[in-house]
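First the structure, in the form of structure tokens, and then the observations on it.
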Amino acid sequence: MTQPPASAVDLIDQLTGLAPGSATHALRHQRDKVVAATQGSYDALFDPALPGLSLAERLLVALYAARLTPSPALAAHYRARLEQIGADAGHVHIAAEGQPEAVADARLRAMLAFTRTLIEKPVEGDQAALQALPAAGLSTPAVVTLAQLIAFLSYQVRLVAGLDALKSLNDTAAGAQA
1 MTQPPASAVD LIDQLTGLAP GSATHALRHQ RDKVVAATQG SYDALFDPAL
51 PGLSLAERLL VALYAARLTP SPALAAHYRA RLEQIGADAG HVHIAAEGQP
101 EAVADARLRA MLAFTRTLIE KPVEGDQAAL QALPAAGLST PAVVTLAQLI
151 AFLSYQVRLV AGLDALKSLN DTAAGAQA
């Protein structure tokens, strides 16, 4: 995986407001390889050319996962991406409000239900939960992509929350020293 150019926008830095020169930014970028891999994973998972799941489906799963965790910054990001690509407004509303049972499309409903299972009760992500996906029309590669996407989203949510907490702590410490 190649690193993005230094001028490329890093989504995590952008969402957490990490400015170059700040203590939290410097700490995060001590391992630029991890920063590049995180951004690279995001770019790969949301590449419109990725087969199996449409970009809209992947973004709807991401919005729903961000809503469930909750991560308002990520939810706003994914909602904006859905609006940019002209995704079905009804589906966006359902994912944002957390009502997958209201989705008429069995495939999307199964994907969102599986997302909820892995986010809220991962121990229930068993064989029966997996078998519901092919029954709703997902191919085996699409199921694998969906599981990878949900795992990445869990990581992304925790990374944003951790950096927000660290930034707040550093900002508080800097304010106390001033």
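Numbering (the working numbering), first residue to last: 1 to 178. Think of the CB as a built atom: it goes at the ideal place given N, C-alpha and C, for glycine as much as any other residue.
Here residue 60 really is in contact with residue 95; their C-beta atoms are around 5 Å apart, less than 8 Å.
With respect to residue 42, residue 63 sits apart: the two C-beta atoms are not nearer than 9 Å. Membership of residue 40 in the alpha helix (DSSP H) is indicated by the continuous run 32 to 45.
When DSSP states are grouped into helix, strand and coil, residue 169 belongs to the helix group. Here the alpha carbons of residue 157 and residue 40 stand approximately 16 Å from one another. Using a Cβ distance threshold of 9 Å, residue 56 and residue 87 count as a contacting pair.
Inter-residue distance for residue 143 and residue 127 is about 12 Å (C-alpha atoms, whole angstroms). Contact between residue 125 and residue 117 holds, with the beta-carbon distance rounding to 5 Å and staying under 8 Å.
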